[in-house]
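In this text, residue positions in the sequence shown follow the numbering used here: the first is 81, and each later residue adds one.
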Amino acid sequence: MTSPNPAGPTIAPWTGMVAIDDTELAVTDTGGSGIPVIYLNGQFATQGYWRRVIADLGPGYRHITFDERARGKSKKSGDYSFDTCVRDIDAILAARGVTEKPILVGWSYGAYLGAHWTSRNPDGALGAVLVDGAFPYDWLDEAMELRIRKLFKRLSWVLPLARPTGLAPRLTAHQQAESNIELGKLSSVAALGPVLDAITVPVRYVVASGTSFGSRGDEQEKIRAGLDAVLDRNPHIAISAKVASNHGAILRKDFRAIADAVREVETLASTH
């Protein structure tokens with residue numbers, strides 16, 4: 081069977097700023113002629129987190145990374161909404177002249193971005209790898225919303241100290257709390273379930289173990305179990321690996337499992 085993503089022209093490596101709306105996003109494109117892979121960061125992370133995955137996959141792929149609004153080297157904006165972040169993917173692909181179908185790889189918040197973009201573009205994606213995120217589960221209630229607001233309020237004094245090191249975004253504690261609450265609403269079974277059900281290309285999950293930032297006890301494992309019903313309904317979606325790393329360490333400790341999932345999606349897409 082003919083590959084769904086024939087080799088394209090060789091693209092020169094590029095690093096720079098892409099202007100979108102009222103901001104500019106820092107983008108790195110390794111170039112080459114391989115399948116484009118676009119990496120979608122955790123909620124407050126930067127593109128540098130992907131370096132081990134990219135090194136494992138090697139130069140046979142065209143790796144595109146970027147910092148989301150007010151993260152890393154990207155500029156601040158007046159709009160940090162989830163839908164805007166999804167549209168930023170389109171803008172970056174267009175700015176870099178990507179015409180081949182990409183594989184989307186998203187961790188945490190980026191997994192939700194990857195799931196939504198793939199669902200909304202059934203003919204536009206080769207497939208996706210979702211890393212410990214995009215689990216349908218009703219975890220947000222009034223008590224959790226209050227807990228999120230209190231957590232970021234307590235962190236408000238340390239965030240400005242962490243920003244120069246790149247460990248915190250240039251968002252206020254209130255903006256970060258609101259982003260988390262918005263994500264909680266998007267995570268509900270009623271909101272996320274139909275998004276995943278509509279996906280028609282290969283999607284593979286790499287699932288962490290244990291806790292994530294702000295979680296307690298087995299909360300995170302219960303959230304991950306929300307994926308089970310989706311797996312029963314959609315044959316295009318499966319778990320590639322369940323790894324020992326927790327949510328925060330998975331890109332550092334289990335990058336090989338993520339790279340293997342990318343290769344798995346590529347293989348599946350070639351016979352899709």
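Glycine included, every Cβ here is placed at the ideal spot set by N, Cα and C.
What you are looking at is a predicted structure, and each value in this text was computed from that prediction instead of being measured.
Inset, instruction - Identify the continuous beta strand (DSSP E) that holds R142 and give its terminal residues. - result: Taking the sequence shown and counting its residues from 1, one reaches residue 142 at position 62. Y141 to F146 is the span of the beta strand (DSSP E), which, as asked, contains R142.
Legend entry - Where the alpha helix (DSSP H) through R200 begins and ends: Here residue 200 refers to the residue found at position 120 of the sequence shown. Unbroken alpha helix (DSSP H) run through R200: Y189 to R200.
Inset, instruction - Following the continuous beta strand (DSSP E) through P116, name the residue where it begins and the one where it ends. - result: The residue given as residue 116 occupies position 36 in the sequence shown. I115 to L120 is the extent of the beta strand (DSSP E) around P116.
Inset, instruction - Between the Cα of L311 and those of R131, G140 and A278, spot the shortest distance and give me the residue it belongs to. - result: Start at 1 with the first residue of the sequence shown, and residue 311 comes out as number 231. The option with the nearest alpha carbon to L311 is A278.
Legend entry - Candidates N85, T103, A214 and R313: closest to K181 by CA position: Here residue 181 corresponds to residue number 101 of the sequence shown, with the count starting at 1. Cα-wise, what sits closest to K181 is N85.
Inset, instruction - Go through the region 298-333 residue by residue and report every complete run of the beta strand (DSSP E) that reaches 3 residues or more, in order. - result: 317-322
Legend entry - V378 (DSSP reduced to helix, strand or coil): Beyond the ends of the chain as shown, which are 81 and 352, falls residue 378; an answer cannot be given.
Inset, instruction - With 8 Å as the threshold, decide whether the Cβ of R243 is near any Cβ in chain C. - result: Of the protein chains in this structure there is only one, and it is not chain C.
Inset, instruction - Spell out the partners DSSP gives I91 in its beta bridges. - result: By 1-based counting over the sequence shown, the position of residue 91 is 11. DSSP lists G112 as partners of I91.
Legend entry - For R284, the nearest candidate out of G290, G112 and F215 (CA to CA): On the sequence shown, position 204 is the one that residue 284 refers to. Out of G290, G112 and F215, F215 has the C-alpha closest to the C-alpha of R284.
Legend entry - Euclidean distance between Cα positions of F232 and S259: To locate residue 232, count along the sequence shown from 1; it is residue 152. To locate residue 259, count along the sequence shown from 1; it is residue 179. F232 and S259: Cα-Cα distance of roughly 11 Å.
Inset, instruction - Could you tell me which residues DSSP pairs with R284 in its beta bridges? - result: Looking up residue 284 in the sequence shown gives position 204. V209 and A318, per the DSSP bridge assignment.
Legend entry - Which of helix, strand or coil DSSP assigns to V178: On the sequence shown, residue 178 is found 98 positions in, with the first residue counted as 1. Three-state DSSP puts V178 in coil, outside helix and strand.
Inset, instruction - Let me know the secondary structure DSSP gives G273 once reduced to three states. - result: Counting from one through the sequence shown, the residue named residue 273 turns up at place 193. Three-state result, G273: helix.
Legend entry - Beta-carbon contacts of V275 that lie in its chain and below 7 Å, excluding the five residues immediately before and after: Against the sequence shown, residue 275 aligns to sequence position 195. Correct list, in chain order: A195, H196 and S199.
Legend entry - Touch test, the region 218-230 against the region 250-269, Cβ-Cβ under 8 Å, three pairs minimum: yes
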